[in-house]
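Counting from 1, one number per residue, gives the positions in the first sequence under our numbering.
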Amino acid sequence: MKKLTREFYNRTSLEVARDILGKYLVHAVEDEKVIGRIVETEAYMGPMDKAAHSYNNRRTKRTEVMFGPPGHAYVYVIYGMYYCMNIVTAEEGKPQAVLIRSVEPVSNLERMAKLRYKKNLSDLGEKEIIGLGNGPGKLCLSMGITAVDNGTDLCGDSFYVAEDDVKSVFQVVTAKRINIDYAEEAALYPWRFYIKGNRFVSKK
DNA sequence: GTCATGATACAG
DNA sequence: TGTATCATGACC
C-alpha cells in the first residue's frame with residue numbers, strides 16, 4: 001500500500017473523482033485504523049457548478065477549506081444531522097472537491113459496527129453490513145469521521161488515501177449526481193462515478 | 001411512498 | 001425570522 005501524494009489531488013475534481021475509485025480511505029480512530037475502499041464518488045467543480053457549496057466562489061467559514069491547497073479533508077454537516085466527507089482538489093484558490101459517497105468496508109469492521117450501530121459485528125445482518133458504507137452520512141459514522149477532521153491534511157499519518165501495489169481491475173460507471181435537483185442544468189452533468197456491480201454503491 | 005430531524009447559509 | 005439544503009431512518 002502506498003499513500004497518495006499531493007500531486008494526485010492537484011488536478012480537477014473530475015479527474016480525481018474517477019481515479020480515486022478502488023483506493024483505500026484510511027482513518028485513525030483513537031489508536032486503531034479503519035479502512036474502506038472507495039467505490040462511489042461525485043465531483044464538485046466549484047465556481048461554475050451550481051451544485052457546489054463553492055458555486056460562484058461563495059467563501060464562508062464552512063467552504064474556506066476548499067479554497068486551500070489540495071489533499072485536505074472537507075467535512076461538513078448536512079441537514080443538521082450527518083457528516084459528509086469530501087477531498088479538496090485542484091490548486092490553492094480553486095475551490096473544488098470530491099464527495100465520497102460510498103465505501104466497501106475492508107478493515108476493522110468490528111470497530112465500524114460499534115461506531116455505526118453500537119453493536120458487535122457478529123450481530124449484524126447482511127443489510128446492516130451494507131449499511132456500513134453505502135452512503136455519505138453512513139460511511140462517516142462507520143469510519144468515525146466528524147467535524148474535527150475538517151481541514152485535516154490527507155498527506156499526514158492519521159487520515160489518508162492509499163492504493164494497492166497491484167492495480168485492481170473494474171469498470172467505472174458514469175452517472176448523474178444525487179439529490180441536487182435545485183442545481184438546474186448542473187443537475188444533469190454526469191459527475192458521479194462508481195464501480196460497476198459493487199454492493200456498496202448507494203443507489204443504482 | 002411520506003415525514004421529522006436541525007446546522008449552516010442566505011434572503012428579506 | 002423564514003426557507004432551503006451534496007441524508008438518513010422511521011414510519012405508512
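Cβ atoms here follow ideal geometry from the backbone N, Cα and C, with glycine treated the same way.
Here the structure is a predicted model, which means the values were calculated and not measured.
Between V106, I178 and L132, which lies nearest to A162 when the distance is taken from Cα to Cα?
V106
The ligand SAH and G46: does any heavy atom of the ligand fall closer than 7 Å to the residue's C-beta?
This structure simply doesn't include the ligand SAH, nor any ligand for that matter.
Could you spell out the range, first to last residue, of the alpha helix (DSSP H) harbouring K33?
No alpha helix (DSSP H) contains K33, which is instead part of the beta strand (DSSP E) from E32 to Y44.
Could you say which of R111, K23, P190 and I35 lies nearest to P180 if we only look at CA atoms?
Residue identity check: residue 180 is Ile in the sequence provided, not Pro. The option with the nearest alpha carbon to I180 is P190.
Thinking C-beta only, is P95 closer than 8 Å to Y9?
no
With DSSP collapsed to three states, give me the class of D19.
helix
If you check the beta carbons only, do S13 and A73 fall under 8 Å apart?
no
Could you tell me which of V26, L25, T41 and E30 sits nearest to R192, measuring between CA atoms?
T41
Kindly identify the DSSP beta-bridge partner or partners of A162.
K3 and Y24
Around the C-beta of M66, are 16 or more other C-beta atoms found within 10 angstroms, so that it is buried, or is it exposed?
buried
CA nearest to the CA of I20, picked from V29, E32, G36 and D123:
G36
CA-to-CA distance, K50 to A17, given in whole angstroms
18 Å
How do the segment 72 to 86 and the segment 138 to 146 stand: do at least 3 beta-carbon pairs fall below 8 Å, yes or no?
yes
Of the residues K23, D149 and V103, which one's Cα is nearest the Cα of V269?
The structure shown does not extend to residue 269, since the chain is modelled only from 1 to 204, so the question has no answer here.
If you check the beta carbons only, do H53 and G144 fall under 8 Å apart?
no
Going by the beta-carbon positions, is the gap between S102 and S168 smaller than 8 Å?
no
Can you name, in chain order, every residue of its own chain whose Cβ lies under 6 Å from the Cβ of V148, other than the five neighbours on each side?
none
Leaving out the 5 sequence neighbours to the left and right, which residues in its chain are closer than 8 Å to E92 when beta-carbon positions are compared?
F67, G68, P69 and P70
Quick one: Cα of I130 to Cα of R11, how far?
31 Å
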